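Report on the structure given below.
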Amino acid sequence: MDYLYFLYLELLHKWNLPDYIAMVTFPIIPFCFVAAALIVVVIFLVLAERKILAFFTQRKGPNRVGPWGLFQTIADAIKLLCKENITPEGTDKFLFTLAPLLAFIPVLVVWGIIPFCNEFDIISFSINSLLFVVIAAIPILGILLAGYASNNKYSLIGSVRSVAQAISYELPLIFVLLSIVVLASSMNLKQIVLAQSSIYPFCGYFVFPAFLGFVVFFACGIAELNRCPFDLPEAESELVSGYNTEYSGMKFAFFFLAEYAMMFIMCAFIATLFLGGFLSPLGFYVGEKLIPNEFLANLSVYFEQAFWVFVKTFFLIFCMIWVRATLPRLKSHQLTAFAWKVLLPLSLLNLLIVCLIKAVL
Amino acid sequence: MKNLKYLISLIIGHLTVFKHIFKKPVTLEYPEKKIELNDKFRGEHAFDVEKCTACGTCQRVCPSFGTIEIEKEKDENGKFYPKNYSIDLNKCIFCGNCVQYCPFGAIKMTQNYELADEKKSTLKLEINTLKRNYFDNIIDK
Chain L
2 MDYLYFLYLE
12 LLHKWNLPDY
22 IAMVTFPIIP
32 FCFVAAALIV
42 VVIFLVLAER
52 KILAFFTQRK
62 GPNRVGPWGL
72 FQTIADAIKL
82 LCKENITPEG
92 TDKFLFTLAP
102 LLAFIPVLVV
112 WGIIPFCNEF
122 DIISFSINSL
132 LFVVIAAIPI
142 LGILLAGYAS
152 NNKYSLIGSV
162 RSVAQAISYE
172 LPLIFVLLSI
182 VVLASSMNLK
192 QIVLAQSSIY
202 PFCGYFVFPA
212 FLGFVVFFAC
222 GIAELNRCPF
232 DLPEAESELV
242 SGYNTEYSGM
252 KFAFFFLAEY
262 AMMFIMCAFI
272 ATLFLGGFLS
282 PLGFYVGEKL
292 IPNEFLANLS
302 VYFEQAFWVF
312 VKTFFLIFCM
322 IWVRATLPRL
332 KSHQLTAFAW
342 KVLLPLSLLN
352 LLIVCLIKAV
362 L
Chain A
20 MKNLKYLISL
30 IIGHLTVFKH
40 IFKKPVTLEY
50 PEKKIELNDK
60 FRGEHAFDVE
70 KCTACGTCQR
80 VCPSFGTIEI
90 EKEKDENGKF
100 YPKNYSIDLN
110 KCIFCGNCVQ
120 YCPFGAIKMT
130 QNYELADEKK
140 STLKLEINTL
150 KRNYFDNIID
160 K
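Chains as they are written, first to last, in my numbering: chain L, 2 to 362; chain A, 20 to 160.
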């Protein structure tokens, strides 16, 4: 980040602008990048999900809007923007408006924690992996408020289920995170990524010593995102569509955006913890070897690192869609029983194994 | 032990679903692409006036009462022929009985299944429509 700041400062000096403008504007730039990337990623993530789900079930998926159905989500987004914002009678108007914002804004914040390359981790301090767990739980509050403020029994049941689920699944998640912290001896995500580098390509990834933890974390991640097979909060066949039944237009779009953005971020977080984040699985960076110009080569490494984060993240998203295409929804009591009786002991066992490995090595 | 069984079937299930990615999708983009029909497909009717003797068998075997209406008349040789013949598609159930029981093979069924229309009256196929269907779909093929 210091190197990029230096470059930015030089650029402003060329235009005869004072230093304090650089100080104020520099932190904003990455957030603009990140917010723009968020929208683009979500738009194509929704399309990707529908397409891949279609392939899993031998269908074609969206194929009408644009070539290969590429503009389907954009058309959907325009439709949502044009729709009327309905506030039903008997709702708590303030909380009804606040809930989608509470669900969406933490997602934007969490997005900044993920280290996309060596220099590009915006919210970087010594315990930022803990911050992820804390902030990623705030959308649950938004969901609870949405269900409470809607004045609709389906919404309320959906949101209460969501909270019960979150309480059950947060615990094994944090225990697995603890095992990663033990392995990396750091709580900073960039340090965790760098701790996974080794002489041989991809051999140092934490998915090998903590494979059990990886599986547990993946299951808990799916539950955190309220996705199939843990999609009780928005079970269509029982609860219409759960906590967002009464929402329409932009407010619904916020919930939708938050859900898919959170899915991407959760997968990026798993990729960072277990699959080596921005490290190249080839063991070297292609740009570093091919490009003769040293400055351009260094710059290309950053983009390559971001590319690897995206590849790993999309691999995990593919797995999530795969799980969604395969498994049916759990019952309510199975859901909590699975968390407390299976995942929690497994995460503790994983912690034990990891501690033993750390002690031996 | 029971849990292990669940785990194994979980993995098998995932692999089975994964195989579907490589299969051809069964979706058909309908107005552009159409499904391939069997030769015996029972669609819109076609009618050959020259073979018909207006015997009324089709009317009798029709399970949906009042679908087929025949108005018969004698020509100069003393033979019966249908002056008017109509099939009401509002009532027809496309069972194919009339085709099967016709002693002279005068009624045939074409492969035309796109019969939706704005008016009910156009769904009553008059003799001219049926004749045209015969020339267009049976003889041309």
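Don't be surprised by glycine CBs; every beta carbon is placed ideally from N, CA and C. Everything numeric in this text was worked out from a predicted model, so none of it was measured.
Less than 8 Å separates the beta-carbon of I106 of chain A from that of I87 of chain A.
Spanning the alpha carbons of L81 of chain L and S151 of chain L requires a straight line of approximately 19 Å. Two segments are said to touch when three or more pairs of C-beta atoms, one from each, lie closer than 8 Å; by this definition the segment 110-128 of chain L touches the segment 295-309 of chain L. As far as DSSP is concerned, I358 of chain L takes part in no beta bridge. Between L184 of chain L and K359 of chain L the beta-carbon gap is near 6 Å, inside 8 Å, which marks them as a contact. For K102 of chain A, the three-state secondary structure derived from DSSP is strand.
A check of alpha carbon separations from N129 of chain L across L:E239, L:L274, L:L46 identifies L:L274 as the nearest. Of the other Cβ atoms in all chains shown, 16 or more fall within 10 Å of the Cβ of S169 of chain L; this residue is therefore buried. Residues of the segment 312-330 of chain L with a C-beta less than 8 Å from any C-beta of chain A: W323, V324, A326, T327, L328, listed in chain order.
Counting the other CB atoms within 10 Å of its CB gives Q73 of chain L a total of 16 or more, which places it among the buried residues. The Cβ-Cβ distance between V66 of chain L and N351 of chain L does not fall below 8 Å. By the C-beta density criterion, P173 of chain L is buried, having at least 16 other C-beta atoms within 10 angstroms. Within its own chain, the residues whose Cβ lies closer than 7 Å to the Cβ of Y9 of chain L, once the five positions on either side in sequence are excluded, are A23, F27, listed in chain order. Beta-bridge partners assigned by DSSP to A65 of chain A: A:K127. Residues of the segment 37-48 of chain A with a C-beta atom less than 8 Å from some C-beta of chain L are F37, H39, I40, K42, K43, P44, V45, T46, E48, listed in chain order. Taking 7 Å as the Cβ-Cβ cut-off, the segment 50-63 of chain L approaches chain A at F56, F57, T58, Q59, R60, K61, given in chain order. The beta-carbon distance between I146 of chain A and N103 of chain A, rounded to whole angstroms, is 6 Å. This is short enough to meet the 8 Å contact definition.
Interface flag for H33 of chain A against chain L is set, since a Cβ pair is found closer than 8 Å.
For I89 of chain A, the secondary structure class from DSSP, reduced to helix, strand or coil, is strand. The distance from the Cβ of I114 of chain L to that of L48 of chain L is about 26 Å, inconsistent with a contact at the 8 Å cut-off.
Three or more pairs of CB atoms, one per stretch, sit closer than 8 Å, so the segment 311-322 of chain L contacts the segment 268-283 of chain L. With 16 or more other Cβ atoms inside 10 Å of its own Cβ, E235 of chain L counts as buried. Assigned with DSSP and collapsed to three states, L350 of chain L falls in helix. Per DSSP, G284 of chain L lies in no alpha helix (DSSP H) and is assigned neither H nor E. In this model, Y261 of chain L and I318 of chain L are separated by some 10 Å (Cα to Cα). Looking at the backbone, the Cα of F231 of chain L and that of L336 of chain L are separated by about 7 Å. Its chain contains N189 as the residues whose beta carbon lies nearer than 6 Å to that of S127 of chain L, once the 5 sequence neighbours on both sides are disregarded; these appear in chain order. Collapsing the DSSP output to three states places D20 of chain L in a helix. By the 16-neighbour rule on beta-carbons within 10 angstroms, M20 of chain A is exposed. A check of alpha carbon separations from E247 of chain L across L:L71, L:E85, L:A36 identifies L:E85 as the nearest. For the 8 Å CB-CB criterion, Y149 of chain L and L240 of chain L do not form a contact. The Cβ atoms of L233 of chain L and R162 of chain L lie closer than 8 Å to each other. In the structure shown, D58 of chain A adopts coil according to DSSP, grouped into three states. Apart from the 5 residues on each side of it in sequence, V134 of chain L sits with its Cβ closer than 8 Å to the Cβ of E171, L174, I175, L178 in its chain, given in chain order. DSSP places L132 of chain L in the helix class (H, G or I) of the three-state scheme.
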